[in-house]
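Remarks on the structure that follows.
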Amino acid sequence: MKRRILGLFALLLGGCVGAPQGVEPVTDFQLERYLGTWYEIARLDHRFERGLSRVTAEYSLRDDGGIRVINRGFNETNGEWKQAIGRAYVTG
118 MKRRILGLFA
128 LLLGGCVGAP
138 QGVEPVTDFQ
148 LERYLGTWYE
158 IARLDHRFER
168 GLSRVTAEYS
178 LRDDGGIRVI
188 NRGFNETNGE
198 WKQAIGRAYV
208 TG
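If you use our numbering, the sequence shown corresponds to residues 118 to 209, in order.
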């Protein structure tokens with residue numbers, strides 16, 4: 118049983134190894150244009166945002182050169198804001 122689970126896990130992980138064929142990363146990414154607050158105008162359903170309105174994503178520069186990410190939304194049912202704070206790094 119453990120071998121089956123390990124084999125399945127290895128198979129699933131193998132799908133995460135490379136970029137899909139024909140997809141190329143942006144070569145001249147301008148980070149300063151990306152920073153700031155972004156307002157949601159449409160979404161693909163995501164667990165964190167389910168049931169939230171006024172959803173935003175705020176990107177700011179960290180001291181270590183990375184990016185601070187704050188995703189925030191308002192829950193109309195209980196009248197509370199919900200947020201998740203994370204970090205991102207530009208690679209390549």
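Beta carbons are placed, not taken as given, at the ideal position from N, Cα and C, and that holds for glycine.
Quiz prompt | Option nearest D181 by Cα separation, candidates R120, V140, R204 and Y151 | solution = On the sequence shown, position 64 is the one that residue 181 refers to. Ranking the options by Cα distance to D181, first place goes to R204.
Exercise. Would you check if there are 3 or more beta carbon pairs closer than 8 Å linking the stretch 142-153 to the stretch 176-195?
Key: yes
Self-check item: Alpha carbon of G139 to alpha carbon of R121, nearest angstrom
Solution: For this step, residue 139 is matched to residue 22 along the sequence shown. For this step, residue 121 is matched to residue 4 along the sequence shown. Taking the straight line joining both Cα atoms gives about 32 Å.
Quiz item: When the Cα atoms are used, what is the spatial distance from Y156 to R189?
Solution: Within the sequence shown, residue 156 is the residue found at index 39, counting from 1. Within the sequence shown, residue 189 is the residue found at index 72, counting from 1. If I take the Cα positions, the gap works out to 10 Å.
Self-check item: Three-state secondary structure assigned by DSSP to F126
Solution: Walking along the sequence shown from the start, residue 126 turns up at place 9. Helix at F126.
Self-check item: Reference A201, options V143, M118, L129 and V172, closest by Cα
Solution: If you number the sequence shown from 1, residue 201 lands on position 84. A201 has its Cα closest to that of V172, out of V143, M118, L129 and V172.
Quiz item: V207 to G153, Cα distance in whole Å?
Solution: If you number the sequence shown from 1, residue 207 lands on position 90. If you number the sequence shown from 1, residue 153 lands on position 36. One C-alpha to the other measures close to 16 Å.
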